[in-house]
Every structure is written in C-alpha cells, then in structure tokens.
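Those letters in the sequence shown? Residues 81 to 380, by the working numbering.
Think of the CB as a built atom: it goes at the ideal place given N, C-alpha and C, for glycine as much as any other residue.
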Amino acid sequence: MSAAANPAPPMATRLQGLRYLAVSVVLFGGVWPITKVALAHATPLWFALNRCVMAGAVTALLLAALGRLRWPVRGDWPCILAIGLLQLGGFFALTHIALSWVPAGRMAILTNVTVFWLIPLSVWVLGERVSRMQWLAAAVGLVGVGILMQPWTMLGAAGSLDALPGYAMLLASSLAWSIAILVTRRLPPRRPVLDLLPWCFGVATLLVLPLALLREPGGGIEGPSWPHAAFVGAVAAPIGTWSTIEAGRRLSGILASVGFLVVPALGVLISNLWLGEALGWDVLAGGGLIAVSVVLAARG
C-alpha cells in the first residue's frame, strides 16, 4: 500500500485524537500503582478477570440505558476480536502476571512502549510515511524510556535477572496492543467503538477466565482490594480503553505511539509519590525527554 493511501489525519481529527490520548494518559498512568497496591489482597489473574467483567457490565448497562445495546454486525467482529483477544484479554493476562516480577513504575513503562512495535508495523502494514522529525521523536522518547527503566540497576544486583520473564511478558503485551491498534485502523468497525466495548470485554473474559481457573484455582479478591478493583474495573478500564482505541484510530502511528509514552512517565511519578519507589534524576530526565519527544512528534 502506498503512502498516499494513508494521508496524515486532518487537524480536527488530530485534535480529537489528542483529547482521547489525554484521557487515556490520566487514567492508565495511575492504573498500575493502584493495581500493585490491590494485589496485596488479590491474585493477579482474578483481579484482571474482575477488570474485564466489571468493565463489560458497566458499558453494557450504559449502552442499554442509551438504547444502543445491539448485537454486532459482521463488519464489527474483526475489531471486537482484535481488541478483546489482544488489547484486553492478552494484555491483561500478561501484565497482571508480570506484576509478580516487575515494580509498578516499570510496569507502566514497558506496557505502554508501543513505539517499539507500532512505528515499524505502521510503515510495513499501513504504508505510513515517517518523517525525519518523527524518527527523531521516537528516538528521543525511547532514550527517555531507557532512563526510566534504569537498566543499570537490573544488571547491578545479584539475582536481578530473575525479573526477565516479567519484562518479556510486558514487551509481548505491548506488541499485542500494537497489533490491535493496527487492526482497528486497517479494518475500522461500522459502529462506534463505544457500542462494541461490552462485546470486547466479553471476549476478553472468555480468554482470562480459564487462565485464572488453571493458574490461580484458589485465588480471588479480598475485602481491602475491592475499592481498587471497583475503580479499575468500572472507571479506568472502560473509559481508558475507549479513549485509547479512539486515539489510536485518529492519530498517526508515530504520534499515537510516542504519545502513549506519557503514560509511563505519569505512572512512574505516581508510583514514586504514592508507593515510595525511588524518585531521582532518572524520573526528571526520562520524563523530560518523553515530553520533548511528544512535541517533536506532533510537529513532525
């Protein structure tokens, strides 16, 4: 497919995408610190399952109240399956299991580094053209992410490489998310994405439920974690997922992927302030570089 077949989105569409991106950043930037706290009294996959079930129920009730709850048409199913299996079910399963290995701040980093995958896949699959300024933005953003990850601490302590399975899961989760974004852009649904969310979360539930039963047969969510589970499931998951999907559809691959890097910067900041994870020069430098990369991507 030629680059001309995928022109840059018009300004109005880009502004809409940036608004959705801002909502996504605010909600998902705080999800992983909240989840980390909640897992003191909950098991990861059951927490993820609750996230799917509660978000599906909330969106279904909302659409029913609006008179918009309908069975999807055939043209909507590629989008539903991509979001349900990859962006929600697969993403939730991989990330919640990885929390056993990885600090919450770094969780927020790697789960949102779609720039690793989305830029080359957008060029290859969608035929998008990436300018020098946008490649520079991606490079600057990745340097910022590298600083936030503090790779020197992973290698500096005995046994620190034990966390590698967790990091591999997080990279796989960001790949799944990137593929879902590509599918929704290549095969856009006929109905608004909000109308499809109950079915997306339903598909995700069908994937996560057997995993929870097999891996955590005695697991669940205890009383102290229910307020966190309610916020993540009823607020952050449905609104954040909707905003993320709409941002991915309205923004170019480069701008969307670089913009999502703001999520880890906010997640690290919240983790530092709330959970007491170390706050130092790396947060300021990494967050500053990510902010510069977003500005460069928007101008490019």
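Phenylalanine 281 and threonine 139 look like a contact to me (Cβ under 8 Å); what is the Cβ gap, rounded to whole Å? 7 Å
In whole angstroms, what is the alpha-carbon distance linking alanine 162 and leucine 101? 20 Å
Who are the near neighbours of isoleucine 227 in its chain, counting only those whose CB is closer than 6 Å to its CB and skipping five residues on each side? Asp362, Ala365 and Gly366
Would you kindly report the start and end of the unbroken alpha helix (DSSP H) that includes glutamine 167? Where glutamine 167 is concerned, there is no enclosing alpha helix (DSSP H), given that its DSSP letter is neither H nor E.
Between the Cα of asparagine 352 and those of Val288, Gly246 and Ile114, spot the shortest distance and give me the residue it belongs to. Comparing Cα positions, the closest option is Ile114.
Close-in-space but distant-in-sequence residues of the same chain around glutamate 302 (CB under 7 Å, 5 per side omitted): His121 and Ala122
To the nearest angstrom, how far is the alpha carbon of proline 278 from that of proline 318? 9 Å
Is any beta-carbon of chain C found at less than 7 Å from that of leucine 369? Going by chain labels, chain C is absent from the structure shown, which holds only one protein chain.
Tell me, please, which residues DSSP counts as bridged to valine 301. The residue asked about is misnamed: residue 301 is isoleucine in this sequence, not valine. Paired residue(s): Ala122.
Continuous alpha helix (DSSP H) stretch holding serine 381: start and end: The shown model of the chain, from 81 to 380, leaves out residue 381, and the question about it has no answer.
Please go through the same chain and pick out, in chain order, the residues whose beta-carbon is closer than 7 Å to the beta-carbon of valine 182, but skip the five residues on each side of it. Ala243, Gly246, Tyr247 and Leu250
I need the DSSP call for glycine 147, collapsed to helix, strand or coil. coil
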